[in-house]
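Undergrad: Below: one structure in structure tokens.
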Amino acid sequence: MTSLGIRVTGTVQGVGFRPFVARIAARQALTGFVANDAAGVSIEVHGSEQAIERFLHDLQTHPPRLADIQRLVTRPLEGAAIPEAFEIKESEQAVGRTAIPPDTAVCEACLEEMRDPRDRRYRYPLIACTDCGPRFTITTGLPYDREHTTMAEFPLCKPCRIEYQDPRSRRYHAQPTACPECGPEIDGGDERLQRAARELREGSIVAIKGIGGYHLACNAADPSAVAKLRARKGRGDKPFAIMARDLQTAERVAQVDDSSTALLRSPAAPIVVLRSRDETVARNVAPGNDTVGVMLPYSGIHHLLFEHGAPPLLVMTSGNLSDEPICTDPAEAEARLSEIADSFVHHNRSIYLPCDDSVLRIVTETPQPIRRSRGIVPAPLPLPVDGPMSIAVGAELKAAACISDGEYAWLSQHIGDTADVETLRVLQETIDLLCEIERVGAERIISDLHPGYLSSRWAYEYAQAHGIEHLAVQHHHAHMASLLVEHDYAPDEPVLAISFDGTGYGLDGSIWGGELLLGSYREAERVGHLAPIALPGGDAATKHPTRSAAAHLHSAGVQWDPRLPPISALGDDTRILASMLASGASCVTTTSAGRLFDAVSALLGVCQEIDYEGQAAIELEARASDRQAVPLDLPLLEADGVLVLDSGTLIAAIAQAVLDDAPIEGVAAGFHDALARALTEAAVRLRERHGVRTVGLTGGVFANRLLTERLRGRLVHEDFGVLVHRVVPPNDGGLALGQVAVANAGGARPWRPA
Ligand code: ZN
Ligand code: ZN
Ligand code: FE
1 MTSLGIRVTG
11 TVQGVGFRPF
21 VARIAARQAL
31 TGFVANDAAG
41 VSIEVHGSEQ
51 AIERFLHDLQ
61 THPPRLADIQ
71 RLVTRPLEGA
81 AIPEAFEIKE
91 SEQAVGRTAI
101 PPDTAVCEAC
111 LEEMRDPRDR
121 RYRYPLIACT
131 DCGPRFTITT
141 GLPYDREHTT
151 MAEFPLCKPC
161 RIEYQDPRSR
171 RYHAQPTACP
181 ECGPEIDGGD
191 ERLQRAAREL
201 REGSIVAIKG
211 IGGYHLACNA
221 ADPSAVAKLR
231 ARKGRGDKPF
241 AIMARDLQTA
251 ERVAQVDDSS
261 TALLRSPAAP
271 IVVLRSRDET
281 VARNVAPGND
291 TVGVMLPYSG
301 IHHLLFEHGA
311 PPLLVMTSGN
321 LSDEPICTDP
331 AEAEARLSEI
341 ADSFVHHNRS
351 IYLPCDDSVL
361 RIVTETPQPI
371 RRSRGIVPAP
381 LPLPVDGPMS
391 IAVGAELKAA
401 ACISDGEYAW
411 LSQHIGDTAD
421 VETLRVLQET
431 IDLLCEIERV
441 GAERIISDLH
451 PGYLSSRWAY
461 EYAQAHGIEH
471 LAVQHHHAHM
481 ASLLVEHDYA
491 PDEPVLAISF
501 DGTGYGLDGS
511 IWGGELLLGS
521 YREAERVGHL
531 APIALPGGDA
541 ATKHPTRSAA
551 AHLHSAGVQW
561 DPRLPPISAL
571 GDDTRILASM
581 LASGASCVTT
591 TSAGRLFDAV
601 SALLGVCQEI
611 DYEGQAAIEL
621 EARASDRQAV
631 PLDLPLLEAD
641 GVLVLDSGTL
651 IAAIAQAVLD
661 DAPIEGVAAG
671 FHDALARALT
681 EAAVRLRERH
691 GVRTVGLTGG
701 VFANRLLTER
711 LRGRLVHEDF
721 GVLVHRVVPP
731 NDGGLALGQV
741 AVANAGGARP
751 WRPA
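Going by the working numbering, 668 is the number at position 668 of the sequence shown; the sequence numbering is gapless.
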């Protein structure tokens, strides 16, 4: 007879973990107990050594659907009293940090009940159990029980209470459980869903409340419905995500490989960016893109809509205006979306925090988040360097906050563009809730170094109001650190980070964005960068690739030939721009990689004006083809011991290729290739000089799959270890995590307002 104590931490509460432990203990005829405690679950088992061995195996190999075991520690128990049975201990007093699971797609067992006319939950779309349903978005505080969710206003009926209290039931302690008798409901019931399905078939735009907020839905195969949605939402070209009725339908519109299938069907049910296949989807769903974002139905509401005959492919876009947070409340939705939606599908299960759909894609057969939100948040991320309890607010675009208890970090859901006041309000509410549920009393707040960001200013004021410290972290260093954290990279091991994005405030006060940084969490030396250029109008130029092209041509000393597409597109602006560049008035100096992509995209006549961030680069990547690849070169120069990638030579060659009528597809491919070759060459030289053997790819530019895969291939060929993002987005959505890591290592700086 052996006795063993086991501690399990991770996402093990509120996911049916204790009844699962009781079941596998019974299978091995073990006695003992399982209980929730402050940081996870504690277990005691008594039995034969082999039985305990098998129990431990089951524990780790077949945990419940939503569980995520992060640590498992065992210790032998000497001279313990041997109990007669195995019991699930109620531990009402345990009020420690409870890992709240993310929201989860409705499970197969619930769907079966929902489709069974004899089941009491027949056609009940807000169905949920221990394995599925909303979690994070309905949590209002701690401890995680029904009283601290928005389900508190729906007292359980007798049959539901019996299930809730029965360890053998699939609904044992399932906080969102409900039924048509006692639970929340769709306004207008099933009839409303049937009518909504018909409205969608007839070309209407319907606002549908789901798990994390409202979607705006329309028939994705109907170009006029899609055009109407674009016009009403004031959305130019930005791609819409679509929801496919089932996997077969998804396969008709996109190339779905095994990794994508697994991702589409995962409990997180994210939007997966896939290579598009044919014209089943209206062209105006994702204009200029060779990819399309697809998800599968993940709530009972979606399933019922399809079963009631909604079109098999629906545009499902966040119910918001531009980059504001997604609407969550019926009154708010009616007020803000009434000009867009023809009708509404409401339900009365309140959403406490908004959560957009997460967006992922597959890079080298591994999922990479582009937007980390519903279904993923609030998973904890262990920090390699401990520090005080802190809050970080990210930068400005695609903002997500991060809080840390010093040992772990929690990156919030995607919040939006914090240049917007409404978004700052959600940022505040998110930080408050995350701090409460993870028991973080922040001792400091960290922001981007940019003196003009609203989020930096907000952090400064927050620090004043709460009497805590405010620090700032350089943008590209934060990108680098976010990548290192997710790879659990050792603090004393240097890495070469290729930190490429659109905009980040540099240590010299100029705008950086094409940076080679050598170092780690604490320090990052700028060992290389793209050649700086003068950019007229600064941030305003980000909306006009035309201007980036003109500025790059000017800097390269290339004549503004009107046969070049951006020059002809400039028209009346040519003189103003030329005089700005000549005098340097209203120009900023930048090494931005994003602006280089913009310039090339404009030069090739692919994109002159953008409607969403990254559009010019996305359309350029979509056009690239190796069939007629044009060889191009991005030479490496050196200035004061720093490598400079001579974009001027590259731009001049591209301009010449355009004048020579070279194929656009081939120049686009040649450009990506030149960049990959030059960066690899830079890494090799820096290895000779500094001995660095690992290269990290981070920043929004690495949402570019072509560049990422080419560069990674070349670096691997040169025997480098290569780090790419798998856990947090390469774009600014992952930045707050890096800010915390840099601050913990002592690499943050004081912030100075503009
Ligand atoms: Zn379920
Ligand atoms: Zn009930
Ligand atoms: Fe960035």
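We treat Cβ as the ideally placed atom computed from N, Cα and C, and that holds for glycine.
#1: Rounded to whole angstroms, how far is the Cβ of residue 206 from the Cβ of residue 345, which I believe are closer than 8 Å?
#2: How many Å lie between residue 323 and residue 307 at the Cα?
#3: State the DSSP-derived secondary structure class of residue 748, mapped to helix, strand or coil.
#4: Within 10 angstroms of its Cβ, does residue 576 collect 16 or more other Cβ (buried), or is it exposed?
#5: Taking only three categories from DSSP, how would you classify residue 94?
#6: Given 8 Å as the limit, is there contact between the stretch 258-265 and the stretch 333-341, that is, 3 or more CB pairs closer than that?
#7: Contact defined as beta carbons within less than 8 Å: I believe residue 239 pairs with residue 189. What is the distance between those atoms, to the nearest angstrom?
#8: Rounded to whole angstroms, what is the Cα-Cα separation between residue 142 and residue 100?
#9: How would you label residue 52, buried or exposed, when you count the other beta carbons within 10 angstroms and need 16 or more for buried?
#10: Consider the C-beta atom of residue 395 and the heavy atoms of ligand 3; say whether any pair is separated by less than 7 Å.
#11: Cβ of residue 19 within 7 Å of any heavy atom in ligand 2?
#12: Could you check whether residue 650 and residue 633 sit closer than 8 Å to each other, using their CB atoms as the reference points?
#13: Compare the Cα-Cα distances from residue 74 to each of 4, 170, 349 and 180 and report the closest residue.
#14: Can you list, in chain order, the residues of its chain whose CB lies under 6 Å from that of residue 6, leaving out five sequence neighbours each side?
#15: Residue range of the alpha helix (DSSP H) that residue 368 falls in?
#16: Check whether the Cβ of residue 179 sits closer than 7 Å to any heavy atom of ligand 2, and report yes or no.
#17: Who are the Cβ neighbours of residue 712 in its own chain at under 8 Å, not counting the five residues just before and after it?
#18: Please name the residue in 231, 233 and 276 whose C-alpha comes closest to that of residue 251.
#19: Looking at the strands, I want to know which residues DSSP matches up with residue 33.
#20: With distances taken between CB atoms, is the gap from residue 313 to residue 242 smaller than 8 Å?
#21: Determine the contact status of residue 172 and residue 140, defining contact as a CB-CB distance below 8 Å.
#22: How many Å lie between residue 460 and residue 428 at the Cα?
#23: Just checking my contact of residue 88 with residue 22 at CB under 8 Å: how many whole Å lie between their CB atoms?
#24: Check whether the stretch 158-178 and the stretch 463-477 are in contact - that is, three or more C-beta pairs closer than 8 Å.
#25: So, helix, strand or coil for residue 734, using DSSP?
#26: With respect to 7 Å, is the separation between the Cβ of residue 106 and the closest non-hydrogen atom of ligand 1 below this value?
#27: Using DSSP with H/G/I as helix, E/B as strand and the rest coil, what is residue 563?
#28: Ends of the beta strand (DSSP E) at residue 215?
#29: Going along the chain, which residues put their C-beta within less than 6 Å of some heavy atom in ligand 3?
#30: Please look up how many angstroms separate the CB atoms of residue 455 and residue 394, rounded, as I've assumed it's under 8 Å.
#31: In the DSSP assignment, what residue or residues form a beta bridge with residue 529?
#32: So for residue 469, helix, strand or coil by DSSP?
#33: Are any of the Cβ atoms in chain D nearer than 8 Å to that of residue 215?
#34: Comparing the CB of residue 160 with every heavy atom of ligand 2, is any distance shorter than 7 Å?
#35: Residue 95: buried (16+ other C-beta within 10 angstroms of its C-beta) or exposed?
#36: Looking only at its own chain, which residues have a Cβ that is under 6 Å from the Cβ of residue 215, when we skip the five neighbours before and after it?
TA: Reading off the structure:
#1: 6 Å
#2: 32 Å
#3: coil
#4: exposed
#5: Annotation note: pLDDT 48 at residue 94 (below 50); position unreliable, coordinate value reported separately. Coil.
#6: no
#7: Contact doesn't hold; Cβ gap of about 34 Å is too wide.
#8: 9 Å
#9: buried
#10: yes
#11: no
#12: yes
#13: 4
#14: 43 and 74
#15: First-last for residue 368: 366-371, but that is the beta strand (DSSP E), not the alpha helix (DSSP H).
#16: yes
#17: 364, 697, 722 and 724
#18: 276
#19: 44 and 87
#20: yes
#21: no
#22: 13 Å
#23: 5 Å
#24: no
#25: helix
#26: yes
#27: coil
#28: 214-219
#29: 475, 479, 501, 504, 699, 700 and 732
#30: 6 Å
#31: 515 and 644
#32: strand
#33: Within the model displayed, chain D is absent; a lone protein chain is all it includes.
#34: yes
#35: Because the pLDDT of residue 95 is 46, which lies under 50, any placement of that residue in the model is unreliable, and the number read from its coordinates should be weighed accordingly. The residue in question, residue 95, is exposed, as its Cβ has fewer than 16 Cβ neighbours within 10 Å.
#36: 208, 316 and 319
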